[in-house]
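Engineer:
Numbering (the working numbering), first residue to last: 2 to 291.
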């Protein structure tokens, strides 16, 4: 009995880690923020739960199937991952990922067709990333295409697609590439040693940090120029707060992370870049809607 309980506990731990809980949490926070902005003030909580739940299931599926796809490489380069550690078997990881896809489809059924389309497009990009594109410079393009789909999906989920959302495509492209670089930096040396040609490997350590920081700054500059030119006005106070917070985050990023800092800070860099992206995209959307 004790052995069975211990085995079940290890399996639950493995499934939890297989889902990449912290990155997925960031995605859930982002889609929740976007769907609340899209639906406010006429919130229908059942719709909000479906939109957020379907996106969470999709992110878990992508994370779990990512570990399944990388199981052989992880056995050599990342033995601490749940499959190499023996916490879950490859078959269990595959079944868990496929189950999350099934759950996503089930939760999408009551939502508008455009929400299905955007969710399935995001899933296709995630699977393409898992199945090989992440080892190429095109990994940055996958992130750049996927990031704008999150707010578009959230708005489509509540049946509201205003024209200003089109500006999320260039903004999301900039932030998506920044996120891809930040996501790749913690594993830069392992990726290079295994022959992977990720965008971060191609650019190298210093230029990847420089490009990531520059892309965040360009994102902030884009929303400022859209406002000043009159192309897309933003509520002035919301714009000011968004730009100030983004600037402060960039100062923290430059102070605490970078090519000359310890390798352990690269994961912190990813989290700070993710937070900066949330502040920029969420603050801009809020300012437009006010």
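Yeah, the Cβ is synthetic: ideal placement off N, Cα and C, and Gly gets one too.
Residue 72 lies in the alpha helix (DSSP H); which residues open and close that run?
Structural biologist: Start and end: 72-78.
Engineer: Does the beta-carbon distance from residue 35 to residue 174 come in below 8 Å?
Structural biologist: It is not a contact, given that the beta carbons lie outside the stated cut-off.
Engineer: Between residue 69 and residue 87, is the Cβ-Cβ spacing less than 8 Å?
Structural biologist: No, these two residues do not count as a Cβ contact at 8 Å.
Engineer: So for residue 265, helix, strand or coil by DSSP?
Structural biologist: It is coil, neither helix nor strand.
Engineer: Once DSSP output is grouped into helix, strand and coil, what is the label at residue 162?
Structural biologist: In the structure shown, residue 162 sits in coil (DSSP, three-state: anything other than H, G, I, E or B).
Engineer: Pairing CB atoms from the region 233-253 with CB atoms from the region 212-225, are three or more of them under 8 Å?
Structural biologist: Yes: the two stretches touch, three or more of their Cβ pairs being nearer than 8 Å.
Engineer: Taking all protein chains shown into account, decide if residue 229 is buried (16 or more other Cβ within 10 angstroms of its Cβ) or exposed.
Structural biologist: Exposed, by the Cβ-count rule.
Engineer: Look at the alpha carbon of residue 226 and the alpha carbon of residue 37, and state the distance between them as a whole number of angstroms.
Structural biologist: Going from the Cα of residue 226 to the Cα of residue 37 covers about 26 Å.
Engineer: Can the beta-carbon of residue 260 be found less than 8 Å from the beta-carbon of residue 207?
Structural biologist: The answer is yes: Cβ separation under 8 Å.
Engineer: Does DSSP classify residue 21 as helix, strand or coil?
Structural biologist: Three-state DSSP puts residue 21 in coil, outside helix and strand.
Engineer: Less than 8 Å between the beta carbons of residue 105 and residue 59, yes or no?
Structural biologist: Yes, they are a contact pair.
Engineer: Count the other CB atoms, across all protein chains shown, that sit within 10 Å of the CB of residue 125; report buried if there are 16 or more and exposed otherwise.
Structural biologist: Flag for residue 125 reads exposed.
Engineer: According to DSSP, simplified to helix, strand and coil, what is residue 200?
Structural biologist: Helix.
Engineer: Just curious, the alpha helix (DSSP H) that residue 117 is in, first and last residue?
Structural biologist: From DSSP, the alpha helix (DSSP H) with residue 117 extends over 114-131.
Engineer: Take residue 53 and list the residues in its own chain whose beta-carbon comes closer than 7 Å to its own, dropping the five residues that flank it on each side.
Structural biologist: 29, 32, 33 and 36, listed in sequence order.
Engineer: Give every residue of the same chain whose Cβ lies closer than 7 Å to the Cβ of residue 143, excluding the five residues on either side of it in the sequence, and list them in chain order.
Structural biologist: Once the five neighbours on either side are set aside, the close Cβ partners of residue 143 are 126, 129, 130 and 134.
Engineer: With the cut-off set at 8 Å, would you say residue 108 and residue 117 are in Cβ contact?
Structural biologist: For residue 108 and residue 117, no; Cβs fall outside 8 Å.
Engineer: So is residue 46 buried or exposed if we call it buried at 16+ other beta carbons inside 10 Å?
Structural biologist: Residue 46 should be labelled exposed.
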